[in-house]
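From first to last, the protein sequence lines are chains A and B.
Quick note: the first sequence uses this note's numbering, first residue 13, plus one each step.
Quick note: the second sequence uses this note's numbering, first residue 13, plus one each step.
There are 2 protein chains.
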Amino acid sequence: MDYILSERVKTLKPSAIREIFKYAADPSVVSLSAGNPAPEAFPTKAIAEISAKIFEEEPVAALQYGLTEGYPPLKKAVWDFMQNKYGVGGENDDIIITSGAQQVMDLFTKTVCNEGDTVICEAPSFIGSLNSFRSYNCRLCGIPMEKDGMNIEALEKALQQEKNVRFIYIIANFQNPSGATTSWEKRKAIYELAKRYQVMILEDNPYGELRISGENVPCIKSLDTEGLVVYAGTFSKILSPGMRVGYAIAPKPVLQKMVVCKQGEDVHSNQWAQMIAYRFMTEYDFEGHLNSLREIYRKKAAFCMKLLDEYLVPGGISYDPIEGGLFIWCHLPEGARISMNEFCKQAVLNKVCVVPGNAFLTNEAEQCSSFRINFSTPTDEQLEKGIRILGQLAKEVL
Amino acid sequence: MDYILSERVKTLKPSAIREIFKYAADPSVVSLSAGNPAPEAFPTKAIAEISAKIFEEEPVAALQYGLTEGYPPLKKAVWDFMQNKYGVGGENDDIIITSGAQQVMDLFTKTVCNEGDTVICEAPSFIGSLNSFRSYNCRLCGIPMEKDGMNIEALEKALQQEKNVRFIYIIANFQNPSGATTSWEKRKAIYELAKRYQVMILEDNPYGELRISGENVPCIKSLDTEGLVVYAGTFSKILSPGMRVGYAIAPKPVLQKMVVCKQGEDVHSNQWAQMIAYRFMTEYDFEGHLNSLREIYRKKAAFCMKLLDEYLVPGGISYDPIEGGLFIWCHLPEGARISMNEFCKQAVLNKVCVVPGNAFLTNEAEQCSSFRINFSTPTDEQLEKGIRILGQLAKEVL
């Protein structure tokens with residue numbers, strides 16, 4: 013059979029990170045390439061307790077079909093939390109529970125983009141989202157990231173010049189992969205530009221609760237008087253990614269179509285996981301848990317940055333200090349003798365995996381001298397070993 | 013904001029059934045309109061036990077990120093089961109675990125259909141799948157259903173005349189909504205036509221294990237020497253729909269693209285649910301459980317058909333006897349004084365919900381004198397009450 017594939021999937025490839033994971037699966041390789049929460053960050057005891065209670069008290073509710081929009085008590089709990097804590101969600105908005113925040117990217121793109129329409133993204137940005145946009149044959153337009161967010165001039169120029177721009181995709185807190193947090197001034201500027209050019213904003217905030225230093229910056233969605241912003245949230249980094257529970261808070265006309273798309277995609281999200289998330293938020297000390305997570309990641313990030321100072325910086329590799337999230341963005345020096353891609357390959361040969369920065373670009377063929385390391389998944393021992401090896405390599409080959 | 017929606021979602025509506033569910037939510041209304049498994053069909057005790065064991069033995073595996081392709085032990089268990097029991101899955105095939113079989117419809121359509129391509133469906137057919145195809149702007153071409161499956165002449169004519177046919181969608185066992193089972197002769201004829209015209213087949217088999225009488229008919233996929241068939245299976249009707257665990261067994265070149273699409277859609281399916289399904293299949297008496305389900309539905313179906321004979325047939329309404337599944341397809345007599353749609357509205361006013369048959373057509377505006385009733389969700393008392401009311405109504409208005 014000569015299989016006929018749709019135009020949209022013909023050029024779609026598994027993410028470059030997945031290729032790297034193949035090496036990372038080798039137990040002798042230290043993987044700094046993942047994005048998994050630290051295993052010690054899971055409240056396993058609480059989840060086991062809740063699960064037992066659910067099967068004692070309401071097993072059929074956990075096993076029967078649910079509503080496409082999501083488990084109503086969880087919808088309300090998340091809505092109240094986001095409303096009270098962050099001012100997210102107005103009277104023209106509604107909420108949908110999704111199978112992870114990844115599904116928000118998918119449903120929103122499906123709802124507003126025709127093939128060939130343009131999505132403006134930070135460059136670099138999260139591969140999973142870029143691939144979701146690509147899977148609807150969207151054109152990606154990357155705006156260079158600076159330490160305080162997108163370059164606003166480049167964003168305005170893109171809004172002026174690009175055709176059929178449907179939305180601006182932004183991870184405003186501790187961005188993946190750059191670690192950058194968009195400043196309050198830039199958040200306001202981006203919202204004003206969206207308003208002026210009448211394009212929507214997809215604000216993806218998976219790491220917002222993982223701030224380890226500095227002051228919280230309000231969400232763009234909290235500015236949204238015009239109904240321009242779709243906010244994507246998730247339990248993946250604060251409870252469990254394996255449960256696949258995320259959500260969108262979005263203007264009703266858009267959200268209603270996302271619900272219809274979700275109906276055709278997976279009917280509804282896993283019912284048990286929604287009930288776990290609901291009870292964990294309302295019957296346990298949710299804020300206390302978030303504090304304990306921040307404590308775990310504060311220590312791990314500080315340890316990682318200390319190692320980078322000790323081993324990588326003397327070898328000529330710089331990095332951008334972070335205030336939260338799970339990733340640190342490292343840079344080869346100007347005039348390095350080998351390319352970043354070559355450096356990452358050499359690292360694998362020396363049994364350390366990092367992610368080459370060009371994997372995160374809208375055009376992977378572009379030059380890039382940065383790579384991403386993750387500090388949440390490895391143990392302290394692995395982190396120390398991996399960064400020490402990278403440091404030795406830097407001294408030898410750069 | 014003047015929201016710009018994609019062409020594909022502009023005409024997409026929530027399924028007609030959902031509108032009916034609004035009435036069905038009224039506790040004074042007897043709902044014969046759902047498609048939920050009977051609550052007593054859930055092995056709640058076993059699932060509670062397995063869940064407790066998972067949290068005792070391997071909590072992190074249940075909570076951490078998983079693989080897009082699915083939990084490897086479950087993939088193997090399902091593969092072996094389908095291979096050994098039904099001869100499904102050859103050396104050029106592979107398996108992906110999905111978020112319910114609904115996601116198979118979505119991922120496969122996304123992989124092989126450009127907007128405007130044609131999907132050939134049984135008419136009537138399952139609304140959820142039709143809406144999934146519609147959400148990619150596919151053209152639907154309905155082939156009239158007969159008691160033993162699609163009209164083969166009409167199918168061949170469609171294959172000759174329609175442009176860009178990508179696949180034939182078929183529910184061969186106890187079809188939703190017609191209850192019809194495609195005969196072995198027709199299965200072979202459909203496969204031969206697919207081969208001759210080089211189009212694929214999407215074989216959706218949610219009810220296959222729910223045979224209550226007659227002999228099993230082999231799956232079309234078991235004939236698939238040419239790599240033409242994508243087989244969609246699910247745990248929704250045999251374990252739990254709320255868990256959202258389905259799967260596809262499909263030719264590798266197609267399956268690989270479906271995996272990439274799934275990565276962008278929800279990364280992977282709920283990990284806990286996959287582990288539950290795996291342990292239930294391998295550590296419990298899975299075949300014994302399937303037998304007990306068949307026993308439950310055998311009794312319920314027989315009771316329902318007895319009620320139909322007693323109350324509806326005398327009022328002029330006929331039905332197609334079934335050998336399995338969850339639905340019975342009923343027909344208003346020729347020359348009825350009111351339309352089927354009017355009859356269903358009157359039924360709601362009399363506090364009984366059924367699904368008007370035109371909801372299942374590729375063109376909902378077409379004439380249809382049939383409606384669907386479900387016997388798995390209501391209790392025996394509800395079933396008796398509902399069908400008695402329908403019978404009284406039939407006598408009064410037809």
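Glycine included, each C-beta is placed from N, C-alpha and C at the ideal position.
A quick note: this is a predicted structure, and the numbers were derived from the prediction, not measured.
Three or more Cβ pairs closer than 8 angstroms define a contact, and the segment 106-125 of chain B falls short of that threshold against the segment 283-296 of chain A. For the segment 270-281 of chain B, the residues whose beta carbon sits under 8 angstroms from a beta carbon of chain A are, in order, Val271, Val272, Cys273, Gln275, Gly276, Glu277, Asp278, Val279, His280, Ser281. Residue environment for Leu171/A: buried (at least 16 other C-beta atoms within 10 angstroms of its C-beta). Residue-level contact check: Met13/B touches chain A, since one or more beta carbons of chain A fall below 7 angstroms from its beta carbon.
Selection Glu238/A, Asn386/A, Ala371/A evaluated against Asn353/A yields Ala371/A as nearest (Cα-Cα). The beta carbons of Gln114/A and Glu277/B sit about 7 angstroms from each other, so the pair counts as a contact at 8 angstroms.
Here Arg223/A carries a strand assignment [DSSP, helix/strand/coil].
By the neighbour-count criterion, in which a residue is buried when 16 or more other Cβ atoms sit within 10 angstroms of its Cβ, Glu221/A is buried. Counting along the chain, the unbroken beta strand (DSSP E) around Ser382/B starts and ends at 382-386. Contact between the segment 350-369 of chain B and the segment 195-209 of chain B is not established, with fewer than three Cβ pairs separated by less than 8 angstroms. Within the segment 48-64 of chain B, those residues whose Cβ lies closer than 8 angstroms to any Cβ of chain A are, in chain order, Asn48, Pro49, Pro51, Phe54, Thr56, Ile59, Ala60, Ser63, Ala64. Contact annotation for Asn126/B against chain A: Ser18, Glu19, Arg20 [CB-CB distance below 8 angstroms, chain order].
At least one beta carbon of chain B lies nearer than 7 angstroms to the beta carbon of Val266/A. The beta carbon of Pro390/A sits no closer than 7 angstroms to any beta carbon of chain B. Inter-residue distance for Met212/B and Asn176/B is about 12 angstroms (C-alpha atoms, whole angstroms). Residue range 151-158 is occupied by the beta strand (DSSP E) that includes Arg151/B.
Ranking Ala50/A, Gly398/A, Gly300/A, Asp92/A by CA distance to the CA of Leu338/A puts Ala50/A first.
Counting along the chain, Ala262/A sits inside no alpha helix (DSSP H); it lies in the beta strand (DSSP E) bounded by residues 258-263. Look at Thr294/B here: in three-state DSSP terms it is helix. Ranked by Cα distance from Met13/B, the options Pro265/A, Leu410/A, Glu335/A, His343/A are led by Pro265/A. For Phe339/A, there is no enclosing alpha helix (DSSP H); the residue is part of the beta strand (DSSP E) that begins and ends at 339-343.
For the segment 72-90 of chain A, the residues whose beta carbon sits under 7 angstroms from a beta carbon of chain B are, in order, Val72, Ala74, Leu75, Gln76, Tyr77, Gly78. According to DSSP, residue pairing for Leu214/A in a beta bridge involves Tyr181/A, Val242/A. Taking 7 angstroms as the upper bound on Cβ-Cβ separation, chain B lies near no residue of the segment 320-351 of chain A. Contact annotation, Met255/B with Asn282/B: C-beta distance approximately 7 angstroms; criterion of less than 8 angstroms satisfied. In the DSSP assignment, Glu134/A forms a beta bridge with Ile155/A. For the C-beta of Gln173/A, not a single chain B residue is nearer than 9 angstroms; the gap to the nearest is close to 18 angstroms. Beta-bridge analysis with DSSP links Gly112/A to no other residue.
Rounded to whole angstroms, Thr193/A and Pro263/A show a C-alpha spacing of 25 angstroms. With contact defined as three or more Cβ pairs closer than 8 angstroms, the segment 237-254 of chain B and the segment 103-119 of chain B are in contact. Not a single C-beta of chain B is nearer than 7 angstroms to the C-beta of Leu302/A.
When the five nearest sequence neighbours on each side are left out, the beta carbons in the same chain lying within less than 6 angstroms of the beta carbon of Glu174/A are those of Thr130, Cys153, in order along the chain.
Chain B places no beta carbon closer than 7 angstroms to that of Pro218/A, leaving this residue out of the contacts. Chain A has a Cβ within less than 7 angstroms of the Cβ of Pro26/B. Neighbours of Ser252/A in chain B, taken as residues at a C-beta separation under 7 angstroms, are given in chain order as Leu75. Distance from the CA of Gly300/B to the CA of Ile155/B, rounded to the nearest whole angstrom, comes to 37 angstroms.
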